[in-house]
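Q:
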Amino acid sequence: MSTLPEPACRYGYTVEQLQEALGDRADAFGRWMSGQTGAICDGRAYDYDACEYRETNCGPHGSVVYSHDLRRFLAGGRPLD
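Remember, our numbering sits 354 above the position in the sequence shown when you count from 1.
(1) If you measure between the beta carbons of V418 and A393, is that distance less than 7 Å?
(2) Enumerate, from N- to C-terminal direction, the unbroken beta strand (DSSP E) stretches of 3 or more residues contained entirely within the region 369-418.
(3) Please tell me whether A362 and Q371 are closer than 7 Å, where the distance is taken between their beta carbons.
(4) Could you check the C-alpha separation between M355 and G413 for me, to the nearest Å?
(5) Do you know whose CA, among T368, R364 and L376, lies nearest T357's CA?
Below you can see the structure in the form of structure tokens.
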């Protein structure tokens with residue numbers, strides 16, 4: 355398995371990072387991720403104490419894949435149900 359860069363987002367890898375890291379395996383990863391949960395980074399997070407959204411200084415990155423999912427795919431593991 356190749357060494358992965360640090361995720362660009364606090365939640366995981368961006369679409370651009372996935373395309374660069376996976377190359378021609380990106381379609382296979384997309385199929386592997388079918389039904390799995392991802393994140394959407396809009397550059398903010400909810401502060402439950404203040405009952406409002408706060409800027410995170412991260413993103414917005416849009417759709418993000420959790421790091422553990424990418425590592426599991428590259429290691430040949432199955433998706434988690």
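Where a beta carbon is used, it is the ideal one built from N, C-alpha and C, also for glycine.
A: Here's the rundown:
(1) yes
(2) 393-395, 398-401 and 406-409
(3) yes
(4) Its pLDDT being 49, under 50, M355 is placed unreliably by the model, and the measurement read from it follows with that caveat. Going by the C-alpha atoms only, they are around 28 Å apart.
(5) L376
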